[in-house]
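In the working numbering, the protein residues as written are 1325 to 1532. The C-beta atom is built at its ideal place from N, Cα and C for all residues, glycine as well. Bear in mind that the values here come from a model prediction, so they are computed numbers and not experimental data. Structure first, commentary second.
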Ligand SMILES: Nc1ncnc2c1ncn2[C@@H]1O[C@H](COP(=O)(O)OP(=O)(O)O)[C@@H](O)[C@H]1O
Ligand SMILES: [Mg+2]
């Protein structure tokens, strides 16, 4: 059985890829982005390769690579295809696996299915990546409620951004989730700077 964790977020652009790269490096895990939408910069797989320093064989190929930077259902339609759930089976590999979602939880993969429903079928726990900036309490508590509603285990919440003591506390208290740590904004982001920031902020035993 695959021992894995899903890195999801309260939104697109919150820092899932950066966090997932640091997590995969720290765990010596494999990384998998099942659906990539938008290929201008090569996609998240390539960014994780650069930011984690993981060997190429640990970065698994996507099930779907779609050019349009849009929701998966829309990006697939633009290429005249429909995303099939049969192609979104968890890769059977040995060792830990870090899976990065696309956008937030309620993102449609086709006209019938949301990403969160696929997460539920995989039976893996989720780490929720959230901003610390204004608006995060609402987005985070909504995401936690959606995960709870589908009985998806939540490892905890990983914040990204400048410290916001009250927002972070409010989310973990009212959402009843663990605060795993906070990745600060890292100027001139490199694999080494990310590795150091991650090690200083997160305790590995809480992330497994
Ligand atoms: N801790 C951080 N320090 C500096 N830049 C960050 C950090 N986290 C994310 N970013 C930047 O913010 C943008 C969005 O982050 P990304 O990880 O791609 O988000 P997501 O995967 O949720 O869409 C990227 O340009 C990324 O380099
Ligand atoms: Mg990403």
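Inter-segment contact for the segment 1419 to 1430 and the segment 1351 to 1359 is present: three or more beta-carbon pairs are separated by less than 8 Å.
Cβ-Cβ distances below 7 Å link residue 1498 to 1465 in the same chain, with the five nearest sequence neighbours on each side left out; the list follows chain order. Between the C-alpha atoms of residue 1377 and residue 1368 there is a straight-line separation of about 14 Å. For ligand 1, no non-hydrogen atom lies closer than 7 Å to the CB of residue 1357.
At least one heavy atom of ligand 2 lies closer than 7 Å to the C-beta of residue 1341.
Per DSSP, the unbroken alpha helix (DSSP H) holding residue 1372 starts and ends at 1368 to 1376. Shortest gap from the CB of residue 1335 to any heavy atom of ligand 2: 7 Å or more.
Within the DSSP secondary-structure output, residue 1354 pairs in a beta bridge with 1421.
If you look at residue 1331, you'll find it in the beta strand (DSSP E) that goes 1327 to 1333. Taking 8 Å as the cut-off, the beta carbon of residue 1432 is found no closer than this to the beta carbon of residue 1387.
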